[in-house]
Amino acid sequence: MFNVVERHQKVVKGILIAITATFVVWGVSGYLDMGGDDGYVAKVGSNKIYTQDIDNAMSQNPSQAQDKMQVLFGLINRQLLINALQDSHMSATTAQLQQAIMAIPMFQTNGKFDVKKYEDYLKQSYSTSAKFEQNVSQQIMIEQIVNFFKNSYFTSTTFQNKFIALLSRERNVSQYVVDTQQFYSKINVTESDINTYYKQNIAKYTLPDQVKLQYLQVSLDSLASSLKVSDAEIDKYLQDHPNSGSNEQVDVSHILFTVPNGATAAQTAEIKAKAEQVLAQVHANPAKFAELAKQYSQDPGSAANGGDLGFFSKGVMAKPFESAAFSMKKGQISELVQTQFGFHILKLNEIKGNDVASLRQAASEQVQKQKAQQQLQSVVDQLNDVSYNQPDSLAPAAQKTGLTLQTSDWVAKGATQGLFANPKLQQAIFTDDVLNKHHNSEVVDLGNGSSVVVRATEYQAAKQRPISEVTPEIINALKAQQAQQMAASVGQQDLAQLQQGKLKLNFVNPQNVSLLGQSKDIDPMAVRQIFAASAQFPSYTGAVNASGAYVIYQVNSQAVDKTLDQQNQKVVTQLADQYSMMNLNAYVGSLRSQYKVSYKLDRIQNAGDAAQQPPSGN
Numbered sequence: 010m011f012n013v014v015e016r017h018q019k020v021v022k023g024i025l026i027a028i029t030a031t032f033v034v035w036g037v038s039g040y041l042d043m044g045g046d047d048g049y050v051a052k053v054g055s056n057k058i059y060t061q062d063i064d065n066a067m068s069q070n071p072s073q074a075q076d077k078m079q080v081l082f083g084l085i086n087r088q089l090l091i092n093a094l095q096d097s098h099m100s101a102t103t104a105q106l107q108q109a110i111m112a113i114p115m116f117q118t119n120g121k122f123d124v125k126k127y128e129d130y131l132k133q134s135y136s137t138s139a140k141f142e143q144n145v146s147q148q149i150m151i152e153q154i155v156n157f158f159k160n161s162y163f164t165s166t167t168f169q170n171k172f173i174a175l176l177s178r179e180r181n182v183s184q185y186v187v188d189t190q191q192f193y194s195k196i197n198v199t200e201s202d203i204n205t206y207y208k209q210n211i212a213k214y215t216l217p218d219q220v221k222l223q224y225l226q227v228s229l230d231s232l233a234s235s236l237k238v239s240d241a242e243i244d245k246y247l248q249d250h251p252n253s254g255s256n257e258q259v260d261v262s263h264i265l266f267t268v269p270n271g272a273t274a275a276q277t278a279e280i281k282a283k284a285e286q287v288l289a290q291v292h293a294n295p296a297k298f299a300e301l302a303k304q305y306s307q308d309p310g311s312a313a314n315g316g317d318l319g320f321f322s323k324g325v326m327a328k329p330f331e332s333a334a335f336s337m338k339k340g341q342i343s344e345l346v347q348t349q350f351g352f353h354i355l356k357l358n359e360i361k362g363n364d365v366a367s368l369r370q371a372a373s374e375q376v377q378k379q380k381a382q383q384q385l386q387s388v389v390d391q392l393n394d395v396s397y398n399q400p401d402s403l404a405p406a407a408q409k410t411g412l413t414l415q416t417s418d419w420v421a422k423g424a425t426q427g428l429f430a431n432p433k434l435q436q437a438i439f440t441d442d443v444l445n446k447h448h449n450s451e452v453v454d455l456g457n458g459s460s461v462v463v464r465a466t467e468y469q470a471a472k473q474r475p476i477s478e479v480t481p482e483i484i485n486a487l488k489a490q491q492a493q494q495m496a497a498s499v500g501q502q503d504l505a506q507l508q509q510g511k512l513k514l515n516f517v518n519p520q521n522v523s524l525l526g527q528s529k530d531i532d533p534m535a536v537r538q539i540f541a542a543s544a545q546f547p548s549y550t551g552a553v554n555a556s557g558a559y560v561i562y563q564v565n566s567q568a569v570d571k572t573l574d575q576q577n578q579k580v581v582t583q584l585a586d587q588y589s590m591m592n593l594n595a596y597v598g599s600l601r602s603q604y605k606v607s608y609k610l611d612r613i614q615n616a617g618d619a620a621q622q623p624p625s626g627n
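Here's what the structure looks like:
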């Protein structure tokens, strides 16, 4: 669960995000900061979070749809914990730190810690041992905090049964949608409306500082692609790295039966017995593996996908899991495999790699990368030297390094996408030296094996867009706003008449909704209202959906989801997790009284994201 592992392990990649995603999203009312800055989107105490940090976090779990705003709040909550740890002078012990780093598979050779591999990683990632160890220490302590809260909540059997009974209720609902589109033709937007809206939203129609650039960029990837690798170099690499030659990967599905921390022998035996029952079902009908995984697996990251973990290499999974996976044949079902997480049933879906051609290709890429790393610093030094000593042009630096002089379109101050959204590069561009004195910038290390130097060719100061230019946008915004209000008004009137028995509507799309398994097309708030509606069926309630339409829900009946009885332990575990995370949320919330948190929400929203304003208040 360290940064280095997150880059190489599919299962682990999502752990940090999974932790942060469970935090309550507190409101931002009273925290908004509109002052000058260097392009950050949030600040926790003196620590800043940039759009690049959000993108990096999201890239670690690309298979799951994520809202940028939710990820941002997760990063904020993580930083609050780090601040608390730092101020309390809490850190992992030397023994904990040593044990954690030595246990990372990518730093091992034949099961033993390899100092050279560790040092090579630090060089490749442009990190220092102190910085890396600090990150590992912070992660160890954060995990201890999370685990403390996770293991601190217990419920009585009586309460568990009542809770399961509540969750097992299902309500069948149909929908009637009052769409906004029918009102657009009835809306008349006046010139006065346009002027008022323009004045009230002037910041939305102000263009930031913009600049066109010439630039030189050097990166590991570009250098590597231009380098040739001989057969002799490949042979030597494989000889020097005998354990790096294997690139065998397996695609495995699994069904996980979680054994909670601190479980007694009797509890463990009970869970194992349940796993053996499911194993018998799998052996009897292997074709139903995915179906059974969806039903029984307690791995939230893979259960919905039929237990599929995707392809992974050796050194990624827990040792017993790995040993079983790489000893199986395609299509084979394992016996029970026990790890620190619980009991697993494995199915091997596919095997790839380990042919001679792929081994040599992988070795060639590594040699390319090593040669590129050796050249990179030399090229950066040349860029620094020539661009600084000849500040009025980038042509001499291009000639000296052999790099191609490139040009940009207009780059906005505060840009959130593309190369020039990098905070360090933004800071280097929008300086007096670059914009007004027309000098080359400093060479900026982007932190990903890439460096850039820029020169401004055109500059436009921030300016307000004239009302004539933005009038069509304003009209559309006003019509959408008024159409939503009209839809809500009509919907609420219809709802009142329905509740009085004075109206009949054509309800469609009947479906079952539960508090545990919510429908994709019904908002969580609407689900709450559906279960708050009268139990005298049919009953009615309404809510605005994500598109602005007003939806009236007809609650037709109520039943009990009997599958919950089969998943009793799973539900109880979820209950404990939810309450323990509530306690964790409360603790993180208390940290907000110690560390000022400010946001720049427009920088996400203006970039075209579907980010929504979080609810106000704590």
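Taking the working numbering, I'd label the letters of the sequence shown as residues 10 to 627. Glycine included, every Cβ here is placed at the ideal spot set by N, Cα and C.
Asked: Classification of Arg-537 by the beta-carbon crowding that lies within 10 angstroms, buried from 16 upward; Found: exposed
Asked: Stretch pair the segment 415-428 + the segment 387-404: three plus CB contacts closer than 8 Å; Found: no
Asked: Exposure label - Gln-60; buried when at least 16 CB within 10 Å; Found: Sequence inspection shows Thr at residue 60; the Gln mentioned does not correspond to that position. Under this definition Thr-60 is a buried residue.
Asked: For Asn-521, the residue or residues it bridges with in DSSP; Found: Asn-181
Asked: Given Met-150 as reference, the closest of Asn-457, His-447, Glu-128 and Gln-95 once Cα atoms are compared; Found: Gln-95
Asked: Proximity below 9 Å, CB of Ala-437 to CB of Asp-188; Found: no
Asked: Secondary structure of Glu-467, DSSP reduced to three states; Found: strand
Asked: Given 8 Å, three or more beta-carbon pairs between the segment 374-381 and the segment 176-195; Found: no
Asked: Alpha carbon of Gln-603 to alpha carbon of Ala-139, nearest angstrom; Found: 27 Å
Asked: CB of Tyr-49 within 9 Å of CB of Gln-219, strictly; Found: no
Asked: Any 3 or more C-beta pairs closer than 8 Å across the segment 317-335 and the segment 278-289; Found: no
Asked: CB contact flag (Ala-51, Tyr-608, <9 Å); Found: yes
Asked: The alpha helix (DSSP H) enclosing Gln-502, as first and last residue numbers; Found: 476-508
Asked: Cβ neighbour criterion (16 or more within 10 Å) applied to Pro-481; Found: exposed
Asked: Sequence-distant residues of the same chain with beta carbon closer than 7 Å to Phe-192, five excluded per side; Found: Ala-492, Met-495 and Ala-496
Asked: Pair within 9 Å by beta-carbon distance, Ser-459 and Leu-222; Found: no
Asked: Proximity winner among Asp-129, Phe-350 and Ala-334, relative to Ser-306 (alpha-carbon distances); Found: Phe-350
Asked: Opening and closing residue of the alpha helix (DSSP H) in which Gln-148 lies; Found: 138-159
Asked: First and last residue of the uninterrupted beta strand (DSSP E) at Gly-551; Found: 548-553
Asked: Which of helix, strand or coil DSSP assigns to Gly-319; Found: strand
Asked: Range of the contiguous alpha helix (DSSP H) that encloses Tyr-608; Found: Looking at the DSSP string, Tyr-608 is not in any alpha helix (DSSP H); the run it does join, the beta strand (DSSP E), is 606-608.
Asked: Candidates Gln-88, Gly-423, Ala-465 and Val-452, of which the one nearest Val-443 by Cα; Found: Ala-465
Asked: Residue range of the alpha helix (DSSP H) that includes Asn-294; Found: Asn-294 -> no alpha helix (DSSP H), and no H or E assigned at all.
Asked: Those residues which DSSP pairs with Gly-351 across a bridge; Found: Thr-267 and Thr-348
Asked: For Ile-342: DSSP bridge partner residues; Found: Lys-356
Asked: Beta-carbon proximity of Lys-630 to Pro-114, cut-off 9 Å; Found: Outside the shown range of the chain, which is 10 to 627, sits residue 630, and nothing can be said about it.
Asked: C-alpha gap between Val-80 and Val-155, whole angstroms; Found: 18 Å
Asked: For Gln-117 and Gly-36, the rounded distance between their alpha carbons; Found: With a pLDDT of only 31 at Gly-36, under 50, the local geometry of the prediction cannot be trusted, and the value read off the model is given with reservation. The alpha-carbon atoms of Gly-36 and Gln-117 are separated by roughly 45 Å.
Asked: Cβ-based burial, Pro-432 [other Cβ within 10 Å; buried from 16]; Found: buried
Asked: One or two residues paired with Tyr-224 in a DSSP bridge; Found: Gln-415 and Val-463
Asked: Exposed unless 16 or more other CB atoms sit within 10 angstroms - verdict on Asp-308; Found: buried
Asked: Counted within 10 angstroms of its Cβ, other Cβ atoms place Asp-394 as buried (16 or more) or exposed; Found: exposed
Asked: Distance, Ala-541 Cα to Val-268 Cα; Found: 35 Å
Asked: Local conformation of Leu-131 per DSSP, three classes; Found: helix
Asked: C-alpha distance - Gln-408 paired with Asp-240, whole-angstrom precision; Found: 32 Å
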